[in-house]
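Reading through the C-alpha cells given below for one structure.
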Amino acid sequence: EKYSRWDDPSNGLNPFTPLPPRSQLTGVLLCLRKVVTCVFVLLRVPCLLMVLFAYHVMHCCKYLALVPALIRLQERFIDYVCSKMILNVTSFNNIKETYHREDDDFDFVKWQKGELSVKSQPGDLYVCNQ
4 EKYSRWDDPS NGLNPFTPLP PRSQLTGVLL CLRKVVTCVF VLLRVPCLLM VLFAYHVMHC
64 CKYLALVPAL IRLQERFIDY VCSKMILNVT SFNNIKETYH REDDDFDFVK WQKGELSVKS
124 QPGDLYVCNQ
C-alpha cells in the first residue's frame with residue numbers, strides 16, 4: 004500500500020485509513036430509541052409552552068409601569084429570565100467544558116480533587132464534538 008510508510012510504529016494505525024463505520028441500531032433497539040426520544044420530546048413541549056405563555060403574559064403586563072425607562076428595564080429582565088428558562092427546558096445550556104490533558108492550564112492534582120474549572124472568556128474558541 005502506498006500509505007503504509009505513515010503507519011504509527013507503536014500501534015500500526017494509519018492516519019489516512021478511514022475509520023470503520025459505527026454499527027447502526029436495528030430492530031427492537033431502533034424502535035425503543037425512537038419511542039424514548041418521542042417521550043422526552045413530549046415531556047418538554049408542555050414546559051416550553053408554559054414558558055412561552057408566561058413570556059407573553061409578562062410582556063403584556065410590563066405596560067402597567069407607564070414609565071418608559073421602567074418598561075425598558077422590565078423588557079430586559081423578562082427577556083433574560085425567559086431566555087434562560089427556554090434554554091433550561093430545551094437543555095441547550097447543558098455544555099460540559101473540560102481542559103485537554105495537553106493544555107497548558109491543565110493541572111492533574113486539581114483535576115483529581117475536582118477543583119479544576121474552566122474559565123470561559125470573550126473571544127474563546129470552542130471545539131465541540133457532537
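Start counting the sequence shown at 4; every next residue gets the next number (the working numbering). Beta carbons: idealized from backbone N, C-alpha and C, even for Gly.
Run through DSSP, which three-state label would residue i get?
{"i": "V70", "result": "coil"}
{"i": "Q133", "result": "No answer about Q133 holds up, because its pLDDT of 48 lies below 50 and its placement is not dependable."}
{"i": "D82", "result": "helix"}
{"i": "Q124", "result": "coil"}
{"i": "Q115", "result": "helix"}
{"i": "Q27", "result": "coil"}
{"i": "S13", "result": "coil"}
Taking the Cβ atom as the reference point for each residue, do residue i and residue j lie within a distance shorter than 8 Å?
{"i": "R47", "j": "T93", "result": "yes"}
{"i": "I74", "j": "H62", "result": "no"}
So, is residue i buried or exposed, given that buried needs 16 or more other C-beta atoms within 10 angstroms?
{"i": "F43", "result": "exposed"}
Note to self: So, does the stretch 78-94 touch the stretch 53-61, judging by three or more C-beta pairs under 8 Å?
What the structure shows: yes
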